[in-house]
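Undergrad: Pasting a structure here, questions to come.
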Amino acid sequence: MEKLSWGMVGGGEGSQIGPAHRMGAQADGNFAFVAGALDADADKGRAYAQTLGIAADRAYGDWREMLAGETQREDRIDLVTVATPNATHFEITKAFLEAGFNVLCEKPMTMTVEEGEEIVRVAEASGRVCAVNYCYSAYPMVRQMRAMVADGELGKIRLVVANFSHGHHADAADADNPRVRWRYDPAMAGVSGQMADCGIHALHLASFITGDEVKTLSADFASTIPSRVLEDDAMVNFRTEGGIVGRLWTSTVAIGRQHGLDIQVYGETGGLRWASEQPNQVYYQKLGGRMEIMEKGEAGLFDEAQRLSRVAIAHPEGFPLAVANIYVDLAAAIRGQAKGDFPTPSDGLRSMAAVHAAVASAKAEGAWTDARPPMFR
Ligand code: NAD
Numbered sequence: 000m001e002k003l004s005w006g007m008v009g010g011g012e013g014s015q016i017g018p019a020h021r022m023g024a025q026a027d028g029n030f031a032f033v034a035g036a037l038d039a040d041a042d043k044g045r046a047y048a049q050t051l052g053i054a055a056d057r058a059y060g061d062w063r064e065m066l067a068g069e070t071q072r073e074d075r076i077d078l079v080t081v082a083t084p085n086a087t088h089f090e091i092t093k094a095f096l097e098a099g100f101n102v103l104c105e106k107p108m109t110m111t112v113e114e115g116e117e118i119v120r121v122a123e124a125s126g127r128v129c130a131v132n133y134c135y136s137a138y139p140m141v142r143q144m145r146a147m148v149a150d151g152e153l154g155k156i157r158l159v160v161a162n163f164s165h166g167h168h169a170d171a172a173d174a175d176n177p178r179v180r181w182r183y184d185p186a187m188a189g190v191s192g193q194m195a196d197c198g199i200h201a202l203h204l205a206s207f208i209t210g211d212e213v214k215t216l217s218a219d220f221a222s223t224i225p226s227r228v229l230e231d232d233a234m235v236n237f238r239t240e241g242g243i244v245g246r247l248w249t250s251t252v253a254i255g256r257q258h259g260l261d262i263q264v265y266g267e268t269g270g271l272r273w274a275s276e277q278p279n280q281v282y283y284q285k286l287g288g289r290m291e292i293m294e295k296g297e298a299g300l301f302d303e304a305q306r307l308s309r310v311a312i313a314h315p316e317g318f319p320l321a322v323a324n325i326y327v328d329l330a331a332a333i334r335g336q337a338k339g340d341f342p343t344p345s346d347g348l349r350s351m352a353a354v355h356a357a358v359a360s361a362k363a364e365g366a367w368t369d370a371r372p373p374m375f376r
């Protein structure tokens with residue numbers, strides 16, 4: 000089958016997420032990397048794109064030049080990934096969708112709820128494929144958890160506990176380092192620090208696995224390093240539409256926690272837990288039973304977990320191949336072979352609504368606040 004063609008905005012040399020997208024998009028032979036505006040610095044972006052094998056006439060200096068250049072081509076890219084800093088996602092994603100391109104946007108999809116609603120509307124009107132990179136939802140064993148919940152193996156879900164807490168900004172002496180400081184500066188990061196950066200991944204997983212959406216929440220935010228304006232730690236209690244009790248802890252000052260994303264789901268007849276640092280295992284116990292450790296690749300898992308596992312049992316696949324799983328389903332959707340199982344603009348919007356609700360709640364000393372986007376109330 001002929002490869003689809005793919006381009007990237009952002010993800011330049013030395014960026015954190017750029018390599019995972021390049022590995023992910025190309026891992027299964029679905030996409031050829033043919034165009035990019037990879038860097039905030041036009042010359043650096045052009046030069047780096049060419050070292051990655053992109054032809055000079057498709058190594059663009061900025062995203063507007065790329066949009067204009069690709070729009071004119073008969074062999075225009077089939078998909079663009081937006082992997083720039085957060086505040087630029089809205090205008091780039093909107094512009095490419097409106098020009099008829101399929102888009103994968105990094106999280107957070109937008110900075111405001113209004114922008115999020117706009118992307119939902121534009122994506123729908125465009126008829127294009129649009130996804131948001133909540134890539135942890137594409138780990139095979141996360142899909143196994145979702146399938147088990149949907150199959151009723153835990154009974155009615157009572158409680159979900161999600162954490163995304165690491166300790167990499169815990170050094171007060173490093174708080175003024177520009178690479179760290181901007182994350183807690185409202186002028187650069189918007190209304191929220193850690194909740195918008197990492198908390199939304201954990202909250203998305205909670206909804207994804209339970210199949211239920213956050214309805215209300217109560218938040219406590221803290222800037223444990225006093226020079227920080229935005230929060231470096233947040234505890235959020237929430238309730239879903241279906242009445243599940245939710246707990247979310249997200250932090251950047253939890254020294255000793257590394258990546259720190261994990262999730263626990265408890266139903267009337269069983270409990271599950273998974274951590275991104277050991278993504279091949281899910282711990283499962285039935286009420287009154289013994290602990291079982293389910294392993295990626297073993298017999299008896301649900302098809303939706305099996306189909307996203309490529310290497311033999313006990314061999315780690317890991318983060319870039321979780322990102323690749325998003326691209327597998329994007330390729331199928333773009334080719335019209337399947338609807339595609341990936342996070343959507345509605346998920347991106349729900350996250351933004353939850354972030355803004357959490358900010359409002361924290362300012363109101365934890366008042367319970369509607370966390371749904373107005374368009375979904
Ligand atoms: P980064 O600062 O490491 O890299 C950003 C890259 O974008 C740089 O190469 C920079 O030169 C380039 N850039 C900046 N402005 C640009 C512009 N206007 N046009 C073209 N290129 C531009 O950032 P990062 O950590 O890679 O994060 C990028 C995005 O990915 C963020 O939105 C972040 O939230 C998201 N992210 C997601 C995950 C995930 O798990 N899904 C993980 C890490 C980062």
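Residue numbers (numbering that gives the first Met the number 0): 0 to 376.
A virtual CB, placed ideally from N, CA and C, is assigned to each residue, including glycine.
This structure is a prediction, so every number in the text was calculated from the model and none was measured.
Out of curiosity, what's the CA-to-CA distance linking A363 and D173?
TA: 30 Å
Undergrad: State yes or no: is the C-beta of V235 nearer than 7 Å to some heavy atom of ligand 1?
TA: no
Undergrad: Since S360 is in the alpha helix (DSSP H), which residue starts that stretch and which ends it?
TA: P344 to K362
Undergrad: Using CA atoms only, rank isn't needed, just tell me which of A122, G99 and F100 is closest to M108.
TA: A122
Undergrad: Taking a contact to mean a Cβ-Cβ separation below 8 Å, would you say I333 touches D150 in this structure?
TA: no
Undergrad: Does D232 come out as helix, strand or coil in the three-state DSSP assignment?
TA: DSSP places D232 in the strand class (E or B) of the three-state scheme.
Undergrad: Is S14 near ligand 1, with its Cβ less than 7 Å from a heavy atom?
TA: yes
Undergrad: Rounded to whole angstroms, what is the Cα-Cα separation between G126 and N101?
TA: 9 Å
Undergrad: Is G259 a contact residue of ligand 1, with contact defined as CB to any heavy atom under 7 Å?
TA: no
Undergrad: Closest to D231 by C-alpha separation, out of G52, L202, A253 and L300, would be which residue?
TA: It is A253 whose Cα lies nearest to the Cα of D231.
Undergrad: Let me know the secondary structure DSSP gives F100 once reduced to three states.
TA: Here DSSP, grouped into helix, strand and coil, assigns F100 to coil.
Undergrad: Between E105 and ligand 1, is there a pair consisting of the residue's CB and a ligand heavy atom that are separated by less than 7 Å?
TA: Yes - ligand 1 has a heavy atom lying nearer than 7 Å to the Cβ of E105.
Undergrad: Would L307 pass as a contact of R182 if the rule is Cβ separation under 8 Å?
TA: no
Undergrad: Any chance the CB of C134 is under 7 Å from a heavy atom of ligand 1?
TA: yes
Undergrad: Taking A137 and N324 to be in contact with their CB atoms under 8 Å, please state how far apart those CB atoms are, rounded to whole angstroms.
TA: 4 Å
Undergrad: For the putative contact between G192 and L158, defined by C-beta atoms under 8 Å, what is the C-beta separation to the nearest angstrom?
TA: Not really, about 27 Å apart at Cβ, beyond 8 Å.
Undergrad: So what does Y183 bridge to, in DSSP terms?
TA: DSSP, once it has assigned bridges, lists no residue as partnering Y183.
Undergrad: So, S217 versus A337, is the Cβ gap smaller than 8 Å?
TA: no
Undergrad: Give a single yes or no on whether W62 has its beta carbon closer than 7 Å to a heavy atom of ligand 1.
TA: yes
Undergrad: Measuring only from the beta carbon, is P344 closer than 7 Å to any heavy atom that is part of ligand 1?
TA: Relative to ligand 1, even the nearest heavy atom lies 7 Å or more away from the CB of P344.
Undergrad: Skipping 5 residues on each side, what residues in its chain have a beta carbon closer than 8 Å to that of V358?
TA: If we look at V358 and ignore the five residues flanking it on each side, its Cβ neighbours are V190, S191, M194, A218 and F220.
Undergrad: Could you tell me which whole beta strand (DSSP E) segments of length 3 or greater appear in the stretch 202 to 282?
TA: 213 to 221, 232 to 239, 244 to 250, 260 to 266 and 269 to 274
Undergrad: Flag this pair as yes or no: are the beta carbons of R75 and V160 separated by less than 8 Å?
TA: No.
Undergrad: Have a look at Q15 and Y47 and give me their C-alpha separation to the nearest angstrom.
TA: 15 Å
Undergrad: Please go through the same chain and pick out, in chain order, the residues whose beta-carbon is closer than 6 Å to the beta-carbon of A274, but skip the five residues on each side of it.
TA: D261
Undergrad: State yes or no: is the C-beta of P18 nearer than 7 Å to some heavy atom of ligand 1?
TA: P18: no, Cβ never under 7 Å from ligand 1.
Undergrad: What is the DSSP secondary structure of K93, counted as helix, strand or coil?
TA: helix
Undergrad: When you measure from the CB of P319 to every non-hydrogen atom of ligand 1, does any distance come out below 7 Å?
TA: no
Undergrad: Looking at S360 and H203, is the spacing between their C-beta atoms short of 8 Å?
TA: No, the Cβ-Cβ distance between H203 and S360 is not below 8 Å.
Undergrad: Tell me which residues share the same chain as T83 and place their Cβ nearer than 7 Å to its Cβ, disregarding the 5 neighbours each side in the sequence.
TA: Taken in chain order, the residues that qualify are V8, G9 and I91.
Undergrad: What number of angstroms, rounded off, separates the C-alpha of I243 from the C-alpha of A353?
TA: Inter-residue distance for I243 and A353 is about 16 Å (C-alpha atoms, whole angstroms).
Undergrad: Taking its Cβ as the centre, do 16 or more other Cβ atoms sit within 10 Å of V310, making it buried, or is it exposed?
TA: Exposed.
Undergrad: Closest by CA to Q284, which one among N132, W5, G269 and D211?
TA: G269
Undergrad: Which runs of the alpha helix (DSSP H), 4 residues or longer, sit entirely within the stretch 113 to 168?
TA: 139 to 149
Undergrad: Exposed or buried, what is I118 when buried is set at 16 or more other beta-carbons lying within 10 Å of its beta-carbon?
TA: buried
Undergrad: Rank A205, A94, Y59 and T50 by C-alpha distance to the C-alpha of R238 and give the top, closest one.
TA: A205
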